[in-house]
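Top line first, the protein sequences correspond to chains W and C.
Sequential numbering of the first sequence, starting at 1, is according to the numbering used here.
Sequential numbering of the second sequence, starting at 1, is according to the numbering used here.
Here is the structure we will look at, set down as structure tokens.
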Amino acid sequence: MYGYVAKRTLLVLPTLIGVSIAIFLMVRLLPGDVIDVLLGADTQVTPEVREQARKQLGLDGSYAEQYWRWASGAVQGDLGDSVRNAEPVSSILRDAAPITLELVFLSLLIAVVVGVPLGVVSAVRREGSSDYLARVAGLIGVSIPSFWLATLLLLFTSRAFGWVPPLTYVSPFDDLGANLSQFILPALSISVFTMAIVMRMVRATMLEVLSQDYVRTARAKGVPRRRVVFRHALRNALIPVVTVVGFEVGVLMSGAAIVEIIFGLPGIGNLLLQAIFSRDYPLIQATTMLIAAIFITFNLLVDIVYGFLDPRIAGG
Amino acid sequence: MSDIPSDKARSDSPGGGDLNRRDLLVKAGQIGAGAVAAGSLAGAAKASPARRKAAPPRGGKVTWALEQDPAHIAPFGGILTANHWGKAPMYESLIEWDVKLNERPALATSWKVVDARTIDFTLRRGVRFHNGKELTAADAKYSFDLQLNPPAPGSVAVLGQVPAIAGTEVRSKYVLRMKLKNPDARVFGYLAWNRYSAIVPEGMYGQVNAGREGIGTGPFRLLEYQPNSHLEFARFQNYWKRGRPYLDALSFKVLPDEQARVAALRAGAIDGGTFSADSAKALGQNRNLKVLRGLTAAFRELQMTIKPGDRKPWHDVRVRQAVNFAINRQEIINRVYSGFGEYSGHVPPGYGPWPLTRSELRDRYEKHDLPKARALMRAAGVANGFTVEMTTFSTPLDFASVAAVIKAQLNRININVNIVAQEPGTFAANNGRGTFEWDLTARGMRGDVDGYLAEFNPSSTAYQAWYPLYRNVRVWRLVGNGRIQLDQKKRIPMYKEAQRLLMNDVVQVPLVAVSKFQVVRPRVANMYVAFSDFNTGLHTSVYIKR
């Protein structure tokens, strides 16, 4: 088991290096750099001034030199400075990351808390009205874009109740109530897709498990129905769901980018989009690396948990 | 330019209707001693109803939505317009503009052109910075030194907007001498624009994080800036303009998504913001909201490259003229901008005394005349037309719409326009390098009229990149001499003449100036859409209705 965990952990390193190189090249291959974006067609800027500005922002030198500068700094914890506001990227991320992580956590929580019971009910009452209702809801859930739902929720609450979430970020440690009122709509917006996926996955695996011999045996032995469903069936049905939830973290992170902008939350998704539009290379690199690291970490955890839940996998 | 006398009572409101108590007393004094005496006897608490009505009440807070994060609020070297939105309430310069872009004294009470390369500025006495320090010439010198070499988070890239200032020297506690590298009339507009020319206390960059904090002389002092989130300002009690500002506090919330701004305004979470024409129209149906509209310096323009190599049909001036006459600007305004816009020349309408008149543009230079356009195409030998690639921005969406209208209009003279929409960064890179055939682009605010015509100076980078084959010595002379002529009155006919010549050569085809919409709650009084694209009214004229 320990060998399995070590092997999975070691694989993270080359993945992150690969991601960093890919991101580094991709953002630089985009036409136009931060100076072009900022100055546009400013007719009064000489090429010398443009070059001086690039140098000021550390955009001089070959790609290899620039990557080496960035990578050697990154391993020492220095992610560089944002070219938009000269703030250390690490401190920008430190401010933004908790917001996105909270948003993703709450979304995941909503998705699991609502999606799992819905999937169970749907499987247990197969072909019944609640099953049809849950399946239709699931279909709608996977079809609705999160940004559309976010906008709709915002407009609805403002029109119907004259209420919008607080516009300034409130930390949960300062005021939990205000924090939750701020996060509930965005979390709901991006959780719907994952909720639907979880519900459908639970339903499918539950149906499969419920038809297994050991479930039939338990029923034949007179084990109460509730106990059969929750102790025997659900426990085994949740194993593939864990994998799906791990992957869904990536989906939630990408959904967070747009939803954070809609709700004015200063998280890393919001940050990343602004960084891309303004060609803020250090910030793009660090933010995408952080997102990649979170995604990889979650998948690593899923792999490890999977190994624990099903020792046959860890055993190879 | 001759000496400018000290300023008197002023008003920043569009209609000039907001008078402070001091102004009222001055006016009362003009009416007659008897009236003043009567007013004095009655006492402030028993002022006449007319006086009570005229004096805007003080107090209250306005929360305004910004559609873009300032990124930083450093006083020097900030390129984005949003940078200035964030810093404008706290910084001022030596000169300022009124709402009609007339220059007037601000932190300098007067200035004297000693010779073509030397200007002495006399600073206003008794002005305090937000940290309590008095403004002196040493502070101004420190500020100009940084303007000429903006430290991070500013960028030296803004130096293209800075006139030919060689340096400054302190002549006395309140007199600053500015030395120019060469005569440069842009200095005054540069100062009045205040986008890059703030005055800060000496040593400020060593005392605060200039990207997130600031010390100025402006009407509001910064309490907090949280990037991507909000800015909070409080009224500066020792502001040198007595009685101003009217608000006790000003708050900016960063809300890039328009629907989020709509929802926040409807819910009363913000007092106002900027909106698209469509959203403004929808919000205007709500009786609890007020729509403000005004032209800004942003106008749309069609640019063409005239470079060596392949001879393109539009290298012939008759083809360019045909394009100009085939474009129906009113149709663009009606179809894309819901009827809200104006014909624009090379200098946008509303930019002080510099643009061509409305009738000149509508009835002559930009008159839609399809038969004339066809005749010009025939005369140029391209009656059968040609195909051209027109690049434009993918966002905002109005560019694609304008491009589609132009495509349809030019199709009538057999020009087949292929529209290519590019992401803004890509577009900007290609435009700057001149790697395009035609570009449908936009212009913005400039400190001086020269900013709109400098690209017709053959020594400019843009000229070399865009149209090195274009020749018009008269234009060159007018643009070149206009920059070094320090007498503004003499400059006006020069720039008007240059614009008329350019409207004949149409190397660039100015199209339309678009309206900007801001929607406010009714309690926000005296707000206006500033031509500069800033939110100037918020920190100069706005007050809360009781």
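We treat Cβ as the ideally placed atom computed from N, Cα and C, and that holds for glycine.
Query	Result
Rank LEU148(C), PRO522(C), PHE340(C) by C-alpha distance to the C-alpha of ARG287(C) and give the top, closest one.	PRO522(C)
Are the C-beta atoms of GLY32(W) and some chain C residue less than 8 Å apart?	yes
Quick check: is the beta carbon of LEU159(C) nearer than 8 Å to any beta carbon in chain W?	yes
List, in order along the chain, the chain C residues whose C-beta lies closer than 9 Å to that of GLN274(W)?	GLN68, ASP69, ALA71, ASN228, PRO256
Name the two residues that bound the continuous beta strand (DSSP E) containing ARG159(W).	Note, ARG159(W): premise wrong, no beta strand (DSSP E); alpha helix (DSSP H) at 146-160.
Runs of 4 residues minimum, wholly inside the segment 114-171 of chain C: which ones carry the alpha helix (DSSP H) assignment?	137-147
Beta-carbon of THR287(W) versus every beta-carbon of chain C: anything under 8 Å?	no
Contact between the segment 258-270 of chain C and the segment 282-301 of chain C is defined here as three or more beta-carbon pairs at a separation below 8 Å; is this criterion met?	yes
What residue range is occupied by the uninterrupted beta strand (DSSP E) comprising SER515(C)?	508-520
Looking at the C-beta of THR151(W), does it have a partner C-beta in chain C at a distance below 8 Å?	yes
Given a limit of 7 Å on CB to CB distance, which residues of the segment 148-182 of chain C reach chain W?	ALA152, PRO153, SER155, VAL156, ALA157, LEU159, GLY160, GLN161
Could you name the residues that DSSP lists as bridge partners for ASP98(C)?	Paired residues: none, contrary to the question.
Residues of chain W with a CB under 9 Å from the CB of VAL262(C): which are they?	LEU154, LEU155, SER158
Given VAL170(W), which residues of its chain have a CB within under 7 Å of its CB, disregarding the five upstream and five downstream residues?	ALA178, ASN179, GLN182
Mind checking whether GLN340(W) and ILE23(W) have CB atoms under 8 Å apart?	Absent from the structure is residue 340(W), since the part of chain W shown begins at 1 and ends at 316.
Under a Cβ-count criterion, where at least 16 other Cβ atoms within 10 Å of its own Cβ denotes burial, should MET26(W) be classed as buried or exposed?	exposed
Can you give me the C-alpha to C-alpha distance between LEU234(W) and SER254(W), rounded to a whole angstrom?	29 Å
Verify whether the separation of the beta carbon atoms of LEU289(C) and LEU440(C) is less than 8 Å.	no
Using a C-beta cutoff of 8 Å, does ASN179(W) count as contacting chain C?	no
Give the DSSP-derived three-state secondary structure of ILE296(W) in the structure shown.	helix
Alpha carbon to alpha carbon, what distance is there between GLY189(C) and LEU486(C)?	11 Å
Relative to the C-alpha of GLY451(C), which residue among LEU159(C), ASN504(C), VAL520(C), PRO468(C) is closest?	LEU159(C)
Comparing the C-beta of THR81(C) with each C-beta of chain W, is any distance below 8 Å?	no
Count the other CB atoms within 10 Å of the CB of PHE236(C); is the residue buried (16 or more) or exposed (fewer)?	buried
Compare the C-beta of LYS516(C) with all C-beta atoms of chain W and state if any pair is closer than 8 Å.	no
Is it buried or exposed for ALA37(C), if we count other Cβ within 10 angstroms and need 16 for buried?	Residue placement at ALA37(C) is poorly supported in this model, since its pLDDT is 31, which falls under 50; the coordinates still yield a value, given next. Burial call: exposed.
Is the Cβ of LYS253(C) closer than 8 Å to any Cβ of chain W?	yes
Under the rule that 16 or more other beta-carbon atoms within 10 Å means buried, what is PHE393(C), buried or exposed?	buried
Which term fits ARG329(C), buried or exposed, when burial requires 16 or more other beta carbons within 10 angstroms of its beta carbon?	buried
Taking Cβ positions, are THR118(C) and TRP111(C) nearer each other than 8 Å?	no
Would you mind stating whether ALA513(C) and PRO348(C) have Cβ atoms separated by less than 8 Å?	yes
Do PHE76(C) and GLY294(C) have their C-beta atoms closer together than 8 Å?	no
Do you know whose CA, among ALA442(C), ALA74(C), VAL113(C), VAL402(C), lies nearest ALA297(C)'s CA?	ALA442(C)
Can you look up ALA383(C) in the DSSP assignment and give me helix, strand or coil?	coil
Under 8 Å between the Cβ atoms of VAL5(W) and ILE190(W)?	no
Between the segment 414-439 of chain C and chain W, which residues of the former have a C-beta closer than 9 Å to a C-beta of the latter?	GLN422, GLU423, PRO424, GLY425, THR426, PHE427, ALA428, ALA429, ASN430, ASN431, GLY432, ARG433, ASP439
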